[in-house]
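Protein chains in written order, with the working numbering: chain P, 479 to 885; chain A, 479 to 885.
Protein chains: 2
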Amino acid sequence: MNKPQISSRAKEVIASPIRKFLPLMRAAEDRGIKVYKLNSGDPDLPVPPAFFKAIKNYHQKNLNYAPSPGVKEHVAAWQKYYRQFGVSLRAENIIPTVGGAEAISLALQAVADPGDEILVFEPLYASYRSFSRMAGIKLTPITLSIKNDFALPSLGTIEKRITKKTKAIVVVNPDNPTGKLWSDKELDAVIKLAKKHDLFVISDETYREIRFKGKVSCLLAKKEARDNIILVDSVSKRFSMPGARIGCVASFNDEVMVSVLKFAQARLSAGTLEQVATIPLLENSRRYTTSIKKEYLRRRDVVAEGLRKIPGATFKPANGAFYQAVRLPVRSAEEFVKFMIGEFSYKDATVMVTPMKDFYFTPGLGEEEIRIAYVLNVNNLKRAMEILRRGVEEYGKRLGRQGVLGY
Amino acid sequence: MNKPQISSRAKEVIASPIRKFLPLMRAAEDRGIKVYKLNSGDPDLPVPPAFFKAIKNYHQKNLNYAPSPGVKEHVAAWQKYYRQFGVSLRAENIIPTVGGAEAISLALQAVADPGDEILVFEPLYASYRSFSRMAGIKLTPITLSIKNDFALPSLGTIEKRITKKTKAIVVVNPDNPTGKLWSDKELDAVIKLAKKHDLFVISDETYREIRFKGKVSCLLAKKEARDNIILVDSVSKRFSMPGARIGCVASFNDEVMVSVLKFAQARLSAGTLEQVATIPLLENSRRYTTSIKKEYLRRRDVVAEGLRKIPGATFKPANGAFYQAVRLPVRSAEEFVKFMIGEFSYKDATVMVTPMKDFYFTPGLGEEEIRIAYVLNVNNLKRAMEILRRGVEEYGKRLGRQGVLGY
């Protein structure tokens, strides 16, 4: 008699590249080291007070399931929210989800079966990789490079990767982990390809309002591709409330929405309290998003200034989200992160960042790259960047002495 | 140029049998008909006040992601909760989930790959069917019958259905939709089979405390099968709070828990507020569960009394959960439900129940059966049962006249 065996998907799905160093981090904190956390996309900004006010005004004695298609008034708030971007959706075309994460998972499953393929751009936010592996979907990566600011290759290069099994293209805009803001030209190219090959476009606009140039928009406004586009969205970043677990799937494609509703019925509902309490935020989103965009722009500049002081660091200031991708003068960013958390400190403090390697599918890529999430206030961020600079310097010295892994 | 095509899983997953008649129900309400809702497992009982008190005492300005392995104090509360059933789990062996639904989905995916098989007993709670179809897992149904109170067939009969692809057996105890309370003999038989064939047992104990005979227990207390059992649990029913979306997966099998954690990292976290606010409930669960069990027992008896007045209704009073399965003297319970909602009323009121057909996999089974969820207080429940009786009578008369579908 043996032990029962777990599934292959369970064996093969990867641990979160963002979360896998948490035990090391806790150990550092236990040693009395202050850790400046630039690893996780977990905003430090306060939640808009209207949210907690609404929570505290919930006076029912019951906490029933929300309807699977969402609390009616919550869906109406999403409708109003999207209208400011020229997108008029019927209630049936929006289904609230448990964060953007569930929206990603449901969108992937609505368009692809086990063995099917979805085109993605690497580096890629890691949850796509996990959800795809869980669902048996193969991701086909088109490699982007930090050297040319993660610009898209030619249409022909992308088109070559499309097979009969390709069902969709994923666009994360603004992008996590790179901070890339897609150009209109790039978006149009993807839509053209999708229409030509009858592919869906899964448009992940979690960071929609956090962009540092151009006008805030929504891909669903592209009327020519309404049957193709599936929007994946979230309140987590624009209202600084990832713990609320509220997002949505939206599409003008009714077949997609009928499917997502059936999936949503299986899991019953997203949180009732949070659906109710996010209504005032969605109805007046600009009140919140205008100021946080300014704050993240200030921070982006602090990060850029700090990185410029690190000899050998390669980057271009990001134009969106609150992430900065950077290539450090190290052979292994993972080893560097372990060094920073496990050994290094400056004035009893250190910095935690995310190695980019696991955001790539192609082996060997991203080894020298890290993602910085600027979720600290400007003063702490300045300190953190100073510590990072000193850490890189010290790491270089040590490795130089060992003569093995130095740059 | 065509439209992009949705996936086969999207096409084939079924709509919720419980939720698919909601539009008809809303139409009835729009006509001014009061609908007594006995269709959904959505408790009418008040949430324990400690929950809302904790919610209102949340004074942080942030609402961060919870850790993927759960809020530490929340997991500790689950540990304390399980100890009362003789089950001592380490924190690593419990991962909070977005309701019992997510727990089911993650457990299924941890043990089976596309094409693999899982043994289930039909009728079966519909979310298993949807999540399995989404994950490409084949469910092998062992048919139970209302005629002998949904008793398990012989071990040999079950064993015959096990193939090389079988990975697990699902036990929902007490059961949804039948209200069946499993006997020790039945549980031991399943465990014996699981150990013999190296199968997992997915034990869904959402309704653990709502049982009307015997002692409350947890299958994880079966020490001889610790590597086999994966517990799926939820606070939704025992604390009357399905809108909180809090459940958990628990297992002594570390490989399973490492897998579930990787899956959980992909979706980041369960709701932060609700994890915090359910701590006092889990820590003092008996304070709440003792009284709700009594209340549901009273209701079970009201339902049984009402059903005994319906000529031709076949049932045995359920011993657990808050469901009563019953065979009505109708050819199609679906048509009967449509009649009740679409045409019938008594004193401007009608009753909504759930047809059982979609809880069966084998075509033709359960056509005459309904599930009654007794989520109304005793007075309303009495009225509802009276309306149901009159509805069955009227339906029989009409069909008798038409001479087509009568019983």
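No residue lacks a Cβ here, since even glycine has one placed at the ideal position from N, Cα and C.
Query: Output the residue ranges of the beta strand (DSSP E) runs that lie fully inside the segment 800-884 of chain P and measure 3 residues or longer, sorted by chain position.; Result: 801-805, 827-830, 847-851
Query: Using a Cβ-Cβ cut-off of less than 9 Å, list which residues of the segment 480-492 of chain P approach chain A; keep chain order.; Result: Asn480, Lys481, Pro482, Gln483, Ile484, Ser485, Ser486, Arg487, Ala488, Lys489, Val491, Ile492
Query: Using the C-alpha atoms, what's the distance from Asp662 (chain P) back to Leu887 (chain P)?; Result: As shown, chain P starts at 479 and ends at 885. That puts residue 887 (chain P) outside it, with no answer to give.
Query: Suppose the cutoff is 6 Å on Cβ atoms and the five residues either side in sequence are ignored; what does the same chain contact list for Val565 (chain P) look like?; Result: Cys696, Leu698, Ala699
Query: By the 10 Å Cβ neighbour count, where 16 or more other Cβ atoms means buried, how is Leu630 (chain A) classified, buried or exposed?; Result: buried
Query: Would you check if there are 3 or more beta carbon pairs closer than 8 Å linking the segment 787-806 of chain A to the segment 652-660 of chain A?; Result: yes
Query: Starting from Phe599 (chain A), trace the beta strand (DSSP E) both ways and give me its first and last residue.; Result: 595-600
Query: Confirm, please, whether the CB-CB distance from Phe678 (chain A) to Val576 (chain A) is below 8 Å.; Result: no
Query: Below 8 Å CB to CB, which residues in the same chain sit around Lys673 (chain A) once its five sequence neighbours on both sides are set aside?; Result: Glu702, Ala703, Asn706
Query: Between the segment 593-603 of chain P and the segment 732-741 of chain P, can you find at least three pairs of beta-carbon atoms closer than 8 Å?; Result: no
Query: Step through the CB atoms of chain P and report whether any lies within less than 8 Å of the CB of Leu886 (chain A).; Result: In the structure displayed, chain A extends from 479 to 885; residue 886 (chain A) sits before or after that span and is not available.
Query: Would you say Tyr603 (chain A) lies against chain P (beta-carbon separation less than 8 Å)?; Result: no
Query: Output, in sequence order along the chain, the residues in the segment 535-568 of chain A whose CB is closer than 8 Å to any CB in chain P.; Result: Tyr536, Lys539, Asn540, Leu541, Asn542, Tyr543, Ala544, Pro545, Ser546
Query: What alpha helix (DSSP H) runs, 4 residues minimum, are completely inside the segment 485-567 of chain A?; Result: 486-490, 500-508, 527-534, 550-561
Query: Check the DSSP bridge columns for Ile647 (chain A) and list the partner residues they point to.; Result: A:Leu597, A:Val679
Query: How many Å lie between Thr644 (chain A) and Ala742 (chain A) at the Cα?; Result: 24 Å
Query: Under 9 Å between beta-carbons, which chain A residues line up against Glu507 (chain P)? List them in chain order, please.; Result: Simply none; closest approach about 14 Å.
Query: Measuring CA to CA, which of A:Phe599, A:Met818, A:Asn857 is closest to Leu843 (chain A)?; Result: A:Phe599
Query: Between which two residues does the beta strand (DSSP E) holding Pro619 (chain A) run?; Result: 616-621
Query: With a threshold of 8 Å between beta carbons, is Tyr885 (chain A) in contact with chain P?; Result: With a pLDDT of 39 at Tyr885 (chain A), under the threshold of 50, the modelled position of this residue cannot be trusted; read the value that follows with caution. By this cut-off, Tyr885 (chain A) is not an interface position.
Query: With a threshold of 8 Å between beta carbons, is Ser729 (chain P) in contact with chain A?; Result: no
Query: Pull up the DSSP beta-bridge partners for Ala590 (chain A), would you.; Result: Per DSSP, none; premise fails for Ala590 (chain A).
Query: With three or more beta-carbon pairs closer than 8 Å as the criterion, would you say the segment 528-541 of chain A touches the segment 771-787 of chain P?; Result: no
Query: When the Cα of Tyr536 (chain A) is compared with those of A:Ile757, A:Thr792, A:Thr768, which residue comes out closest?; Result: A:Ile757
Query: Is there at least one Cβ from chain P nearer than 8 Å to Asn706 (chain A)'s Cβ?; Result: yes
Query: Short of 6 Å in beta carbon distance, which residues of its chain neighbour Ser737 (chain P), apart from the five on each side in sequence? Order them along the chain.; Result: Ala588
Query: Ignoring anything shorter than 3 residues or poking outside the segment 710-785 of chain A, list the beta strand (DSSP E) runs there in chain order.; Result: 725-728
Query: What does DSSP give as the partner residue(s) for Arg689 (chain P) in the beta ladder?; Result: P:Gly798
Query: Is the Cβ-Cβ distance between Val853 (chain A) and Asp522 (chain A) less than 8 Å?; Result: yes
Query: Using beta carbons (cut-off 8 Å, strictly below), is Lys643 (chain P) in contact with chain A?; Result: no
Query: Does the Cβ-Cβ distance between Leu739 (chain A) and Ser546 (chain A) come in under 8 Å?; Result: yes
Query: Suppose you measure from the CA of Arg504 (chain P) to the CA of Ala493 (chain A); what does that come to, to the nearest Å?; Result: 45 Å
Query: Report the neighbours of Ala722 (chain P) on chain A: residues whose CB is nearer than 8 Å to its CB, in chain order.; Result: Leu541, Gly749, Thr750, Leu751
Query: Taking Ala588 (chain P) as the query, report the chain A residues whose CB atoms sit under 7 Å from its CB, ordered along the chain.; Result: Ile484, Ser485, Ala488
Query: Are any of the Cβ atoms in chain A nearer than 8 Å to that of Gln802 (chain P)?; Result: no
Query: Does the Cβ of Gln538 (chain A) have 16 or more other Cβ atoms within 10 Å, making it buried, or fewer, making it exposed?; Result: exposed
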